[in-house]
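Since the structure comes first, as structure tokens, the remarks are kept for the end.
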Amino acid sequence: MATRRRTQRQGTGARGGRHTRKQSHKTQWFSVTALAMLGVVMVLHPEAGRQQNLASQFGAGDQRVIASDEPSDQPTVAPTPVPTATFTMPLRPAPTLTRPPKGSKPNVTVSSGRLAVVAGFSKANGVRDKLTYRVEIEEGLSFNGAVVAAAIHKTLTDPRGWQAIHPVSFERTDRADADLRIILATPTLTDKLCLPLDTGGEVSCRVDNRVVLNAKRWMYAVPAYAAQIDLYRSYLVNHEVGHALGHGHSTCAKPNTPAPVMMQQTKGLAGCLPNAWPTIKAT
Ligand SMILES: [Zn+2]
1 MATRRRTQRQ GTGARGGRHT RKQSHKTQWF SVTALAMLGV VMVLHPEAGR QQNLASQFGA
61 GDQRVIASDE PSDQPTVAPT PVPTATFTMP LRPAPTLTRP PKGSKPNVTV SSGRLAVVAG
121 FSKANGVRDK LTYRVEIEEG LSFNGAVVAA AIHKTLTDPR GWQAIHPVSF ERTDRADADL
181 RIILATPTLT DKLCLPLDTG GEVSCRVDNR VVLNAKRWMY AVPAYAAQID LYRSYLVNHE
241 VGHALGHGHS TCAKPNTPAP VMMQQTKGLA GCLPNAWPTI KAT
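Spelled out as structure tokens, the structure:
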């Protein structure tokens, strides 16, 4: 009996087991279906999930939720459409300042004492003896190196410039073995690099293979040039490079004629007119 009962029980147990498994499968199927449906709802209305999360985060669960079919004396308000699109694009980064704040003055006088070579190369446009130069700018000055270098090269290779008079073709390099160094420096460093010449914090010079352009003059020129800043910069380059080519100073020969480029025009024009080019002379 015991054995039989055990068998029956086992049998019942076995049937019961199958039944339990069946129920278990059903439960699983319902669970999976429910989860899938929830997933579809979440995909279709991602905001819903997010709002729920936000609500639970901020303790909104305490608030009573009024079901839509619950009687309410509140006026019916059309539901505001909630955007369902989620933003996958990253937020635009905060703009970075590419220029100094309005009203700030460019630095042309605070000296760091350190020079930085402007990287780059500008091929010679002439066929005669190549003279290489490199541009160096004192660190901390408010100048764009590439712009300064381009202005210098434009002046040196201009048809009105020294290349029209001398058998020379200027080529810009950033190599250490350049024939000439053209340096843009604060008045303080200019004075040091120009020794034994006295530049007095105001003017520029050429000493040995160094052409030193005073940043104060590069920025503000001189009153005689008025607003012709580019013309004055060309004068500065041509005058000092003229010294490197072996030219000494000259003076204004006749008022109201172009000043010679080798005249010290920064100190005054003596009645002559501003002129930056060695090929333009008083007639
Ligand atoms: Zn000079």
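Residue numbers (the UniProt record's numbering): 1 to 283. For every residue, glycine included, the Cβ atom is placed at its ideal position computed from N, Cα and C.
Indicate the three-state DSSP secondary structure (helix, strand or coil) for residue i in the structure shown.
| i | result |
| --- | --- |
| residue 255 | coil |
| residue 199 | coil |
| residue 269 | coil |
| residue 275 | coil |
| residue 53 | Because the pLDDT at residue 53 is just 41, under 50, the model does not fix this residue reliably, and the point stays unresolved. |
| residue 280 | coil |
Should residue i be counted as a contact of ligand 1 given a C-beta to heavy atom distance under 7 Å?
| i | result |
| --- | --- |
| residue 166 | no |
| residue 264 | yes |
| residue 249 | yes |
| residue 153 | no |
Could you name the residues of the same chain whose beta carbon sits closer than 7 Å to that of residue i, not counting the 5 residues immediately before and after it, in chain order?
| i | result |
| --- | --- |
| residue 194 | 205, 207, 212 |
| residue 109 | 186, 187, 216 |
| residue 143 | 137, 184 |
| residue 259 | 252, 265, 269, 272, 273, 274, 275 |
| residue 40 | Annotation note: pLDDT 44 at residue 40 (below 50); position unreliable, no value reported. |
| residue 228 | 274 |
| residue 231 | 225, 274, 276 |
Sorted by chain position, which residues of the same chain lie with C-beta nearer than 8 Å to residue i's C-beta, five sequence neighbours on each side aside?
| i | result |
| --- | --- |
| residue 199 | 187, 190, 191, 205, 212, 214 |
| residue 249 | 262, 263, 264 |
| residue 197 | 205, 207 |
| residue 224 | 265, 268, 269, 274 |
| residue 149 | 118, 120, 122, 135, 172 |
| residue 256 | 271, 272, 273 |
| residue 165 | 278, 279 |
Using beta-carbon positions only, say whether residue i and residue j come within less than 8 Å of one another.
| i | j | result |
| --- | --- | --- |
| residue 119 | residue 174 | yes |
| residue 217 | residue 236 | yes |
| residue 278 | residue 242 | yes |
| residue 280 | residue 181 | no |
| residue 276 | residue 253 | no |
| residue 179 | residue 251 | no |
| residue 104 | residue 140 | no |
| residue 155 | residue 234 | yes |
| residue 126 | residue 163 | yes |
| residue 170 | residue 244 | no |
| residue 219 | residue 101 | no |
To which residues of the same chain is residue i closer than 6 Å at the C-beta, ignoring the five residues directly before and after it?
| i | result |
| --- | --- |
| residue 129 | 167, 168 |
| residue 222 | 266 |
| residue 153 | 122, 172 |
| residue 239 | 261 |
| residue 145 | 118, 137 |
| residue 64 | Bear in mind that the predicted position of residue 64 carries a pLDDT of just 38, short of 50, making it too unreliable to give a figure here. |
| residue 114 | 139 |
Item to check | Segments of 4+ residues assigned as alpha helix (DSSP H) that fall wholly inside the UniProt domain "DUF3152" (110-269) | outcome: 145-156, 187-194, 215-220, 229-244
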